[in-house]
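Using full-length UniProt numbering, the first residue of the sequence shown is number 1, and each one after it goes up by one.
Scroll down for the structure; my scribbles are underneath it.
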Amino acid sequence: MMSTLWTVAAVCLCLGGHPRSETSELKKAIVRMQDLYHVNFVYDSSLEMIRLSGIFSSGKSLKENLQTVFSGTGIKWEIKGSYVLLFKSSQYTFSGHVCQDNGESLLNVTVYDQNMHIGTLTDEHGFFSLTLPEGKHTLRFSYVGYEEVVKELDLRSDYSGTIYLKESSTALEGVVVTADLNTSLFTTQTGKISLTSEQLNTEFSLFSSPDLVKAIQQLPGVSAGTELLSGLYVHGGKNDENLFLLDGMPLYQVNHFGGLFSAFNTDIVKNVDFYKSGFPARYGGRLSSVTDVRMKEGDLKKFHGMVSLGLLDGRLRFEGPVIKEKTSFVFGMRRSWLDVLSAPALRIANRFFPEEDINARYAFHDINAKITHRFSNESRLSFSVYSGRDLFKMKDKQLFPSGNLLHQEKEQTTDEYQSYQMGKSFCRVVME
1 MMSTLWTVAA
11 VCLCLGGHPR
21 SETSELKKAI
31 VRMQDLYHVN
41 FVYDSSLEMI
51 RLSGIFSSGK
61 SLKENLQTVF
71 SGTGIKWEIK
81 GSYVLLFKSS
91 QYTFSGHVCQ
101 DNGESLLNVT
111 VYDQNMHIGT
121 LTDEHGFFSL
131 TLPEGKHTLR
141 FSYVGYEEVV
151 KELDLRSDYS
161 GTIYLKESST
171 ALEGVVVTAD
181 LNTSLFTTQT
191 GKISLTSEQL
201 NTEFSLFSSP
211 DLVKAIQQLP
221 GVSAGTELLS
231 GLYVHGGKND
241 ENLFLLDGMP
251 LYQVNHFGGL
261 FSAFNTDIVK
271 NVDFYKSGFP
281 ARYGGRLSSV
291 TDVRMKEGDL
301 KKFHGMVSLG
311 LLDGRLRFEG
321 PVIKEKTSFV
331 FGMRRSWLDV
341 LSAPALRIAN
351 RFFPEEDINA
361 RYAFHDINAK
371 ITHRFSNESR
381 LSFSVYSGRD
391 LFKMKDKQLF
401 PSGNLLHQEK
411 EQTTDEYQSY
421 QMGKSFCRVV
431 ME
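Structure representation (structure tokens):
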């Protein structure tokens, strides 16, 4: 008898010692159904945190209300006489890859479950993973500039798939855009700025050739140092305190012609992540900045390419499938023709100054190549290659009198710099 009294007293103290929590949506719905249908509900208290998607209606039967109220919540129900049992559904993983029609990955695509009101974003390789309860789900895939895709899914086990988004060409009415200087302060990564290939090709161009480093120089907190050169001084740091990565490969020589051109061919660049503070741990220690450049993966369906001619250089790019829908490649090359343009000027100069016969030549080139194989919707393997070369040659022949004779001296100078980088990348979505 005394033990029973002590138990009752302890329960009363526990109830009285804690403030009463606000009634959840689940409790409200249960109370109304208990009063209307004279049934009792049995469930775990953790279910009270789940938001209900349906609306209770007194004009419906018990089963109809249970189906409506708990639809898309991950809560399963079962009627046992005058009791209604509520329990969580099994959890499964929906993963996959989001890409364009040609198979090129899309990053930061929004994947949203309209029933559960949860979502995620695709990573830099276009992969996503979302853990959902068993049952029917309506998933929406959206990305700026592309048509929205809605997929109905009846999830009974782990599922993976590929989602293709088409570019949209909807004409929009004119709008007024106002900027908020504090917007970047409320992001999860305040020191990160992302640039796409479309943005790079509309940014700063020197003699008709887009330049990645000079586009970064226009960002706040970044200084170029000497005008028109590819220097990068972030928040007062030195030029050698910056890390440049191309598909994960570190590049140590990132410019040509003394810094007038950067070593990145924007025709094969897919996107750039520039960090000027708060670097992720995977990049190691850097004092000033990290520039992570990702190359395109190539078209999985058809071959195509482009050729671009500028005032001081020319560029070309080819891409296409090696094995359709499985393996793709992209190849890009850029070469200057400063040696071709300077030759006529030197010939004219040598006519006016025949005693100094100068023959100079300078040229640079960049070669990028990448091949990507897709094993499945969850995994892929990529190999990337970069080669850069600067070559400067100068021959100087001078004539000067020596008594009654003309004496000739020849001098030849050759400077050459070459850079080769090769890397591989394996990506896989891990089921949780």
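C-beta: ideal position from N, C-alpha, C; glycine also.
Length of the line joining the Cα atoms of residue i and residue j
i           : j    : result
G236        : N265 : 27 Å
T196        : K270 : 6 Å
Y37         : S82  : 9 Å
M249        : K238 : 21 Å
M333        : G258 : 20 Å
S3          : Q67  : Note that S3 has pLDDT 47, beneath the 50 cutoff, so the model's placement of it is unreliable and the number below is only indicative. Rounded to the nearest angstrom, the two C-alpha atoms are 45 Å apart.
S24         : M49  : 7 Å
L52         : S71  : 8 Å
E22         : E147 : Because E22 sits at a pLDDT of 49, beneath the cut-off of 50, its placement in the model cannot be relied upon, and the point is left open.
L15         : S45  : Only weak support is given to the placement of L15: the predicted model assigns it a pLDDT of 36, under 50, and the value that follows is read from those uncertain coordinates. When rounded, the distance between both Cα atoms is 16 Å.
G222        : N65  : What sits at residue 222 in the sequence shown is Val, not Gly. Approximately 60 Å between the Cα atoms of the pair.
M116        : K63  : 21 Å
M394        : H365 : 18 Å
G126        : V39  : 48 Å
Y164        : A263 : 33 Å
A281        : D240 : 20 Å
D339        : D390 : 12 Å
F375        : K151 : 24 Å
L26         : T178 : 42 Å
G59         : R156 : 32 Å
residue 433 : L346 : Outside the displayed span of the chain (1 to 432) sits residue 433, for which this structure offers no information.
L311        : E198 : 21 Å
T202        : V176 : 21 Å
Y283        : L130 : 26 Å
S105        : V98  : 6 Å
E124        : L245 : 14 Å
S142        : V149 : 7 Å
E78         : Y43  : 11 Å
D154        : R140 : 14 Å
Y417        : E325 : 39 Å
F352        : R315 : 35 Å
A349        : I358 : 8 Å
D313        : T162 : 39 Å
K276        : T291 : 9 Å
S169        : L132 : 33 Å
L251        : P344 : 35 Å
Distance between beta carbons of residue j and residue i, contact taken as under 8 Å
i           : j    : result
K370        : V330 : 5 Å
E167        : G145 : 6 Å
Q253        : S419 : 5 Å
L84         : F41  : Strictly speaking, residue 84 in this sequence is Val, with Leu absent from that position. The pair is a contact, with the Cβ atoms about 5 Å apart (cut-off 8 Å).
S336        : A360 : About 14 Å; that fails the 8 Å criterion.
residue 452 : T138 : Because the chain in this structure spans residues 1 to 432, residue 452 falls outside the shown range and cannot be described.
T93         : D158 : 5 Å
Beta-carbon contacts of residue i that lie in its chain and below 8 Å, excluding the five residues immediately before and after
i    : result
L200 : P210, L212, A215, T266, V269 and V272
D247 : V293, R294, M295, K370, S382, S384, G423 and S425
S328 : G103, E297, G298, D299, L300, E319, G320, P321, V322, I371 and T372
R286 : E241, N242, L243 and F279
Same chain, Cβ closer than 7 Å to residue i, neighbours up to 5 away in sequence not counted
i    : result
I193 : L219 and F274
K76  : F87 and S89
S160 : S95, G96, N377 and E378
R428 : E378 and S379
A171 : none
A29  : L52, F56 and V69
Cutoff 6 Å; reference residue i; Cβ partners in own chain excluding five residues on either side
i    : result
F128 : V111, T120 and T122
N108 : L121
N242 : L232, S288 and S289
G305 : R317 and F318
Q217 : A224
I367 : M333 and S387
G32  : It should be pointed out that residue 32 corresponds to Arg in this sequence rather than to Gly. So the list reads F56, once near-sequence residues are dropped.
V307 : L316
Beta-bridge partners of residue i, as assigned by DSSP
i    : result
N368 : G332 and Y386
V322 : For V322, which the question treats as bridged, DSSP gives no partner whatsoever.
Y420 : S387
T110 : L121 and S142
H38  : DSSP lists no partner for H38.
Y362 : F392
D313 : S336
F128 : G96
E78  : L85
I163 : V98
D344 : The question names Asp, yet the displayed sequence has Pro at residue 344. For P344, which the question treats as bridged, DSSP gives no partner whatsoever.
E152 : T138
M49  : Note: M49 sits in no beta bridge, so no partner.
V176 : Partner(s): none; V176 has no beta bridge.
M295 : V269
V290 : L243 and Y275
Any non-hydrogen atom of the ligand MG within 7 Å of residue i CB
i    : result
R140 : For the ligand MG, the structure offers nothing, since it holds no ligand at all.
Exercise for the section: Go through the UniProt domain "TonB-dependent receptor plug" (209-286) residue by residue and report every complete run of the alpha helix (DSSP H) that reaches 4 residues or more, in order. Expected result: The qualifying runs are 212-217.
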